[in-house]
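Engineer: Handing you this structure, nothing more for now.
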Amino acid sequence: MKNLKISIKTLFVFLTLFTVSIIILLTYTFSKRGLNELFISESKKYFEQSIRLSQTIFDYEIEKILSVVNSIFLSANELQAIKEGNTEFLENQLNKSIVKSLDFMAVIPSKKDDIALAGFFLYDITPLVHELKRVKTSSSKKHLIKVKSNDQTLVFIVITKGIVDPKTGEVIGLFAGGVELKNNLKLLNDIKKNTKLEKIMLLYNDDLILEDNEYGNGFASIERFGAIEHFADDMDKLGYRAALYFDEQESRLNIKMILQNDALESIKRIIKRDLLIISIFTLLVVMLFIYLINQLLIRPIESLKIYAKEFFENSNSEQKELSLKIVEYQELANYLKKLFKELYNNQQKLLKAKEKMSKDYKLIQELNDNLEMKVAQKTRELQDLNENLTQKVGLEVENNRKKDQQMMQQARYAALGEMIANIAHQWRQPLCAITAAISAIKLQKDLKMLNDETFEYYYNMMLNNTDFLSETINTFRSFFKNDLEKKPFNLVKSMEDTLMIISSTFKDNNIEIVTDFNQRDLMVLGSSTELSQVFINILNNAKDVMLDKKDQERKVFIRSMQIEDENIIFIIDNGGGIPEEIIQKVFDPYFTTKHQSQGTGIGLYMSKEIVERKFNGLLSVQNTHFKHGTQTFMGACFRIALPVIKEKA
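Residue numbers are given in the UniProt record's numbering: position 307 of the sequence shown equals residue 307, and the series is strictly consecutive.
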């Protein structure tokens with residue numbers, strides 16, 4: 001027992017000494033290595049606060065100039081001179097009314113490439129005049145202008161406002177007022193006074209604008225933006241450089257500054273004070289922690305060790321005495337006493353449970369054997385079911401494929417029927433013309449009135465009509481040839497070929513087709529024949545709808561365009577639109593609102609299949625209101641969007 005106490009106390013003393021040593025070591029390391037980093041961090045905060053104050057003073061200077069410019073109003077004579085471009089008169093007027101808080105004032109007429117300028121100038125103003133002429137085209141009211149004059153860099157803060165003719169409301173020119181920064185020592189002194197900095201320099205990029213003459217060239221070592229700089233000749237001085245904002249944007253103006261010695265000493269005192277407070281606080285926390293460890297861990301462990309030893313030695317007289325001592329300073333020993341008493345009971349229960357588990361294991365083994373047999377049987381049943389399901393799925397897929405082929409063939413036959421009707425319309429007029437020409441030739445020959453000129457006229461007319469019939473046949477053959485190979489082709493050309501075939505049917509039914517093909521070079525990849533079937537299906541749908549509209553103009557509008565990576569054709573009719581309750585069903589197979597003798601209901605379904613599966617595009621429809629000329633129409637708008645390709649057919 002004595003050896004146990006010595007071991008615990010030795011551990012406790014060692015832990016205490018080790019902790020205190022760590023604290024001393026950390027404090028020393030932090031004070032030597034971290035002091036410089038902490039000093040730099042605090043100095044940077046001081047510089048950043050000084051930059052914010054400098055920015056506020058600079059913004060206030062700009063607002064003062066803006067207020068002065070906005071308070072200036074021009075007389076009627078001056079407005080008239082601006083409209084006439086009389087800059088000489090304007091300069092005289094400005095010289096008479098120049099404001100002391102501005103270095104110059106200028107009037108820039110809108111309709112003349114000259115300006116009226118007045119002010120206090122000790123330098124060549126030609127570069128300034130050139131820059132002010134460029135201000136005319138700027139939309140900003142605040143300008144930061146840099147010019148080179150007499151081998152020196154000048155920077156101006158210029159505020160402009162529009163000059164408006166009160167009679168017409170027209171902007172006839174700009175009024176500009178400005179301040180030159182190079183001699184603005186008041187701005188520099190205001191910044192030094194409010195920031196308590198030792199030295200300040202104002203630059204435009206790296207060109208000196210305004211400086212504190214007392215310090216000379218000491219600023220040369222401050223180059224980087226946003227970083228603390230040490231001076232090579234004086235390590236006790238710190239420098240900083242940062243950009244200034246102009247009109248809420250980072251500008252090329254920047255400021256260099258040097259921190260005063262007394263400010264540096266103040267920062268060091270603050271750091272040392274904070275370091276001392278942290279060290280004392282850390283030491284107190286550690287001492288408290290050690291005390292709590294002794295009370296809550298070391299002493300209870302000693303008591304528990306004593307109690308455990310006495311318990312197993314069955315020294316009942318000493319047990320009671322030790323229990324009383326333990327109760328005086330720690331209740332944990334009481335719970336341990338109950339725990340030891342329950343150990344034996346739990347051991348007995350564990351033996352009984354082990355015996356019961358042995359019996360249960362035999363029962364589980366028997367059940368497991370039966371389960372394996374049942375699982376094997378169910379597995380065979382599932383395999384048989386899966387084989388039957390695979391056969392049924394394959395059969396259903398094949399049936400659906402044949403069904404799709406049949407539907408595609410039906411759609412093609414339906415389109416063929418439409419084409420034959422269109423060919424008949426196309427041929428009617430040329431055939432009539434040829435018949436009339438033949439009759440006229442025979443009649444004139446019978447009357448012996450046929451001459452070479454008349455014969456040549458009728459011959460050319462018949463030749464032209466037969467050429468038209470031949471061209472129609474070629475287009476018809478091209479449309480229905482079995483060439484479904486994917487090739488690049490022109491989307492607009494495909495639509496024009498389709499319209500040439502079906503236009504006569506629309507014309508006979510008094511339906512006007514209005515095209516807008518401003519964008520013609522729209523290349524897509526696929527089968528032109530299949531896409532023509534889509535056009536015919538949609539156009540025939542529009543025609544059938546408008547045949548029911550007896551008392552209104554019948555129009556179909558077709559427009560092409562390219563939006564990002566899609567070539568788009570819009571087909572819009574003025575048939576009043578599709579009822580909302582069925583518009584979502586128009587692309588379903590066998591859906592139709594016509595009599596069975598008038599349609600199968602697969603045209604739009606196959607059109608959507610062709611566009612989306614063959615062309616990887618999108619076919620959609622919606623009702624829309626639109627204008628054409630002065631008229632407003634409502635109808636269905638079919639949108640065919642196909643991917644763009646860059647190849648040309």
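C-beta: ideal position from N, C-alpha, C; glycine also.
Beta-carbon separation of E131 and I108 under 8 Å?
Structural biologist: A distance of 8 Å or more separates the beta carbons of E131 and I108.
Engineer: Taking all protein chains shown into account, do 16 or more other C-beta atoms lie within 10 angstroms of the C-beta of residue 727, making it buried, or fewer, making it exposed?
Structural biologist: Examination of residue 727 is not possible in this model, given that the chain is present from 1 through 649 alone.
Engineer: Is the distance from the Cβ of S439 to the Cβ of S494 below 8 Å?
Structural biologist: no
Engineer: Within 10 Å of its beta-carbon, does C637 have 16 or more other beta-carbons around it, so buried, or fewer, so exposed?
Structural biologist: buried
Engineer: Cα separation between S317 and T16?
Structural biologist: Caution is warranted here: a pLDDT of 45 is assigned to S317, below 50, making its placement in the model unreliable, and the coordinate value is therefore given only provisionally. Approximately 37 Å between the Cα atoms of the pair.
Engineer: Which residues in the same chain as Y458 place their Cβ atom closer than 7 Å to its Cβ, once the five residues preceding and following it in sequence are excluded?
Structural biologist: A437, A440 and I441
Engineer: Nearest CA to the CA of I191: which residue from K96, R52, I501 and H143?
Structural biologist: R52
Engineer: Quick one: give me the first and last residue of the beta strand (DSSP E) that S560 is part of.
Structural biologist: Judged by DSSP secondary structure, S560 falls within the beta strand (DSSP E) whose first and last residues are K555 to I563.
Engineer: Give the secondary structure of residue 698 by DSSP, where H, G and I count as helix, E and B as strand, and everything else as coil.
Structural biologist: For residue 698 there is no data in the structure shown, the boundaries of the chain being 1 and 649.
Engineer: Taking all protein chains shown into account, do 16 or more other C-beta atoms lie within 10 angstroms of the C-beta of I115, making it buried, or fewer, making it exposed?
Structural biologist: Classification of I115: buried, given that the 10 Å Cβ count is 16 or more.
Engineer: Quick one: measure Cβ to Cβ for T155 and L102, integer angstroms, because I've assumed they're closer than 8 Å.
Structural biologist: Position check: residue 155 holds Val in this sequence, whereas Thr was assumed. V155 to L102, Cβ: 15 Å. No contact.
Engineer: For F626, list the residues DSSP reports as bridge partners.
Structural biologist: F633
Engineer: Give me the residue from K362, F633 and F120 with the minimum Cα distance to T624.
Structural biologist: F633
Engineer: Near M461, what residues of its chain come up, given a Cβ to Cβ distance below 6 Å and the 5 sequence neighbours on each side ignored?
Structural biologist: A437
Engineer: Taking N510 as the reference, give the member of I72, R224 and K555 with the closest Cα.
Structural biologist: That would be K555, whose Cα lies nearest to the Cα of N510.
Engineer: So residue 651 is in the beta strand (DSSP E); what residue range does that whole segment cover?
Structural biologist: One cannot answer for residue 651 here, as it falls past the ends of the chain, which runs 1 to 649.
Engineer: Locate the beta strand (DSSP E) running through P488, then write down its first and last residues.
Structural biologist: K487 to N490
Engineer: Between which two residues does the beta strand (DSSP E) holding P200 run?
Structural biologist: For the record, residue 200 in the displayed sequence is Ile; it is not Pro. Taken as a continuous stretch (DSSP letters only), the beta strand (DSSP E) holding I200 covers K199 to Y204.
Engineer: Where E212 and M201 are concerned, what is the direct C-alpha to C-alpha distance, given to the nearest angstrom?
Structural biologist: The identity of residue 212 in the sequence shown is Asp, whereas the question assumes Glu. Put simply, the backbone Cα of D212 is about 6 Å away from that of M201.
Engineer: Residues in the same chain with beta-carbon distance under 7 Å from M546, minus the five sequence neighbours each way, listed in chain order, please.
Structural biologist: I511, R554, D573 and G575
Engineer: Short check: CB of G177 to CB of I65, under 8 Å?
Structural biologist: yes
Engineer: Between F535, Y605 and E564, which lies nearest to I571 when the distance is taken from Cα to Cα?
Structural biologist: The option with the nearest alpha carbon to I571 is F535.
Engineer: Answer with buried or exposed for Y245, where buried requires no fewer than 16 other C-beta atoms within 10 angstroms of its C-beta.
Structural biologist: exposed
Engineer: The alpha helix (DSSP H) spanning G603 covers which residue range?
Structural biologist: G603 to E609
Engineer: Figure out for me which residue from S43, K83, N541 and A106 has the closest Cα to the Cα of E91.
Structural biologist: Selected option, being the one with the closest Cα: A106.
Engineer: Count the other CB atoms within 10 Å of the CB of V327; is the residue buried (16 or more) or exposed (fewer)?
Structural biologist: With a pLDDT of only 47 at V327, under 50, the local geometry of the prediction cannot be trusted, and the value read off the model is given with reservation. It is exposed - the Cβ of V327 has fewer than 16 other Cβ atoms within 10 Å.
Engineer: Taking just the CA atoms, how far does I277 sit from T19?
Structural biologist: Using only the alpha carbons, I get a separation of about 19 Å.
Engineer: For N70, I'd like the list of residues in its chain whose CB is within less than 7 Å of its CB, leaving aside the five on either flank, ordered along the chain.
Structural biologist: Result list for N70: K161, in chain order.
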